[in-house]
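Spelled out as structure tokens, the structure:
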């Protein structure tokens, strides 16, 4: 797939899912659907319902790409797992049994995960092209 085609595909996919931080989805955990708290009391331990952002592609592999609204409990449980690993985990299966009305549908979670990995490959492709052009410029 050409870089321009990949970029176009990413833009189309992003427009389909929208930006969760601009709508009501930011108030609930995408994985388990619980309402999340924005703040914790001063000097108190963080509640498991504290709002966080989960990096779909773990930061150790790709800092700053797509994130999902996620409660502290689910974020800690996912850790450095990929979305595929997390969605297949016993923890996730147990959480989904509760069927909270605000949890994201599984196809949406898989779609966002796929989009994130596409975007990472696009970024890597761009970095490789820059490196190749620098090497070519050094030879001349």
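Numbering (this note's numbering), first residue to last: -3 to 136.
No residue lacks a Cβ here, since even glycine has one placed at the ideal position from N, Cα and C.
The model shown is predicted, which means the values in this text are computed figures rather than measured ones.
Anticipated Cβ contact below 8 Å, residue 44 with residue 68, distance rounded: Counting from 1 along the chain shown, the entry for residue 44 is found at position 48. Counting from 1 along the chain shown, the entry for residue 68 is found at position 72. About 5 Å; that satisfies the 8 Å criterion.
Residues near residue 30 by beta carbon distance below 8 Å, same chain, minus five either side: Your numbering for residue 30 matches position 34 in the chain shown. Counting only Cβ-Cβ distances below 8 Å, and skipping sequence neighbours, we find 24, 45, 67, 96, 98.
Under 9 Å between C-beta atoms of residue 54 and residue 85: Taking the chain shown and counting its residues from 1, the one referred to as residue 54 is at position 58. Taking the chain shown and counting its residues from 1, the one referred to as residue 85 is at position 89. No, these two residues do not count as a Cβ contact at 9 Å.
Close-in-space but distant-in-sequence residues of the same chain around residue 74 (CB under 7 Å, 5 per side omitted): For the purposes of this step, residue 74 is taken as residue 78 along the chain shown, with counting starting at 1. Answer for residue 74: 50, 82, listed in chain order.
Supposed close pair residue 52, residue 89 - CB separation, criterion 8 Å: Indexing the chain shown from 1 puts residue 52 at position 56. Indexing the chain shown from 1 puts residue 89 at position 93. Wrong, their Cβ atoms sit about 19 Å apart, outside the cutoff.
Reference residue 102, options 80, 48, 32, closest by Cα: On the chain shown, position 106 is the one that residue 102 refers to. It is 80 whose Cα lies nearest to the Cα of residue 102.
Limits of the unbroken alpha helix (DSSP H) element including residue 83: Counted from its first residue, the chain shown places residue 83 at position 87. For residue 83, the enclosing alpha helix (DSSP H) covers residues 79 to 83.
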